[in-house]
Ligand code: PLP
């Protein structure tokens, strides 16, 4: 058998988030050599999962909840998701017909792509974007169409640019607010404009709301685009327990979709994984019902971390730092420095032991960095000091 080539064209077309993994691997090597590396390269919350959620999952195991659930998820979890939508988005969602529980937000995205795209269909994705979107779209046979977001607009997508990117092949607009990697959150007016475009051109909207609770700016509170007039019938809203409750390893997310879509989504969902982990679903239902104090406490830490990061980085000559209004990422420009993003990321890791990511894996041009501030406040300050020292040495 010839293993010198990738086994199929789709796999060959995927970048597998090149850049981030290499940095993580090198950072781990440095740690094994005894260096104190500050990790700002991975969007992984550093808090423990809420205690009550853990107890509920343990109870579920002890009570014998060890078999498959309904493919859509346990009804208790779907009811808890519906209650959250009613409280926070003012949306009445039917837990029986409009919610499917998935293996994290990742599987939710893949399931929507597999369900909606024909070969060659285009998905408009404001750029920079969460790199795995590209893998999902390729697996589903589609094509990712980038719409660059400008730093002058704090990386918020301009609806006019989205409309200009539409072709006869466009099937869907993907939005992610608050955004990974930029932390940008769209305003109500911008979401309304995107909604009008989707309706005018009869397109689906896939709204990735994994960072829905990470909204720091009262000018851009989180708004589910599905809650805007006429949008429910064309919107797939996905979210997850991963970031909100610091439960990335539990692998529980969800899709909220028009009831007519459920039977189609279930076909892809069955192929992708049948159902989410059963006892984890019990834990996530408990989190959604009782763990909001934990969420508020964590969000206050993220807000403080963001402020420390913005304040420190803004003082560094050559750094341009748009203030992120959500998520837990910051995406500064270093275009005024005479160093490329990959070289910056490699050298800051080798010389000062700060792991961060160049912007290119997120679809950005050279000259940007992504820093994930999911570390304790003192480490964030220390990382910023090390970055400043490095920049001064250039
Ligand atoms: N969407 C975005 C924008 C993300 O950043 C991530 C994870 O980093 C996901 C979706 C998937 O998260 P999960 O599968 O853990 O729910």
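Residue numbers (the numbering used here): 15 to 408. We put the beta carbon where it would ideally sit given N, CA and C, even for glycine. Source: prediction; values computed, not measured.
Every alpha helix (DSSP H) of 4 residues or more that sits fully in the stretch 53–103 is shown, in chain order, as 65–76 and 89–103.
Shown here, residue 338 sits in coil according to DSSP, grouped into three states, outside any helix or strand. The three-state secondary structure of residue 259, taken from DSSP, is coil. Around the beta carbon of residue 295, 16 or more other beta carbons lie within 10 angstroms, which makes this residue buried. Membership of residue 294 in the alpha helix (DSSP H) is indicated by the continuous run 292–304. A residue is listed when its beta-carbon falls short of 6 Å from at least one non-hydrogen atom of the ligand PLP; in chain order these are 57, 118, 119, 120, 144, 190, 194, 222, 224, 254, 256, 262 and 267. Here residue 141 is buried: its Cβ has 16 or more other Cβ atoms, across all protein chains shown, within 10 Å.
In the displayed model, residue 395 falls within a helix according to three-state DSSP. In the structure shown, residue 114 adopts extended strand secondary structure according to DSSP, grouped into three states. If you compare the alpha carbons of 192, 109 and 35 with that of residue 235, the shortest gap goes to 192. Assigned with DSSP and collapsed to three states, residue 172 falls in coil, not helix or strand. Across the set 202, 174 and 216, the C-alpha of 216 shows the shortest separation from the C-alpha of residue 182. When DSSP reads this structure, residue 186 sits in a beta bridge with 137 and 218. Taking every protein chain shown into account, the CB of residue 15 has fewer than 16 other CB atoms within 10 angstroms, so this residue is exposed. In the DSSP annotation of this structure, the continuous segment of the alpha helix (DSSP H) that includes residue 279 starts and ends at 276–286. The residue from 374, 205, 266 and 199 with its alpha-carbon nearest to that of residue 241 is 205. Taking residue 221 as reference, the option from 276, 23, 186 and 145 with the minimal CA-CA separation is 186. If you draw a 10 Å sphere on the C-beta of residue 379, you find fewer than 16 other C-beta atoms in it, and that means exposed. Residue 386: not part of any alpha helix (DSSP H); member of the beta strand (DSSP E) spanning 383–386, first to last residue. A direct Cα-to-Cα measurement between residue 57 and residue 133 gives close to 31 Å.
Secondary structure note for residue 270: its beta strand (DSSP E) is the uninterrupted segment 267–270. DSSP lists 386 as the beta-bridge partner residues of residue 343. Shown here for residue 287: same chain residues with a beta carbon closer than 8 Å to its own, the five before and five after excluded, namely 116, 117 and 121 in chain order. In this structure residue 69 is exposed. Its beta-carbon is surrounded by fewer than 16 other beta-carbon atoms within 10 angstroms.
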